[in-house]
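Sequential numbering from 1 applies to the sequence shown in UniProt numbering.
Note that CB positions come from ideal geometry on N, CA and C, so glycine has one too.
Worksheet: one structure, shown below.
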Amino acid sequence: MTYIQRPSTHDDESRPANDNNARVPEVLSVLDLIPSPDDDKIADIVRRTERLAIALVIGMAICLIAAPIVYVTLTYYSY
1 MTYIQRPSTH
11 DDESRPANDN
21 NARVPEVLSV
31 LDLIPSPDDD
41 KIADIVRRTE
51 RLAIALVIGM
61 AICLIAAPIV
71 YVTLTYYSY
């Protein structure tokens with residue numbers, strides 16, 4: 001069996017210029033530079049906001065289902 005040597009994935013010089021699978025360098029955010037000692041408070045606020053958003057979406061779905069039913073019921077009994 002013949003061993004085929006493949007280029008290392010860490011060797012960027014051996015990669016073609018149009019390689020679509022090139023490694024992406026780690027992106028640093030400006031927010032990573034800001035020290036935040038109260039990450040627990042932020043996580044709690046995010047959790048509460050997410051729960052409120054889910055409740056809002058469920059309420060909107062109920063209204064979108066109930067409003068046509070109420071409209072049809074009122075128009076049916078008005079005759």
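Distance between Glu50 and Asp44 (C-alpha atoms, nearest Å): Counted from its first residue, the sequence shown places residue 44 at position 44. Counted from its first residue, the sequence shown places residue 50 at position 50. Answer to the nearest angstrom: the Cα atoms are 10 angstroms apart.
Using the three-state DSSP reduction, which class does Ile34 fall into: helix, strand or coil? Start at 1 with the first residue of the sequence shown, and residue 34 comes out as number 34. Coil at Ile34, not helix or strand.
Quick one: what does DSSP say Glu50 is sitting in, helix, strand or coil? For the purposes of this step, residue 50 is identified with residue 50 of the sequence shown, where counting begins at 1. Of the three classes helix, strand and coil, the one that applies to Glu50 here is helix, per DSSP.
In whole angstroms, what is the alpha-carbon distance linking Tyr76 and Leu56? As a working mapping, residue 76 is identified with position 76 in the sequence shown. As a working mapping, residue 56 is identified with position 56 in the sequence shown. Approximately 30 angstroms, taken between the alpha carbons.
Simplified DSSP state of Leu64, which is helix, strand or coil: Position 64 of the sequence shown holds residue 64. Reduced to three states, the DSSP call for Leu64 is helix.
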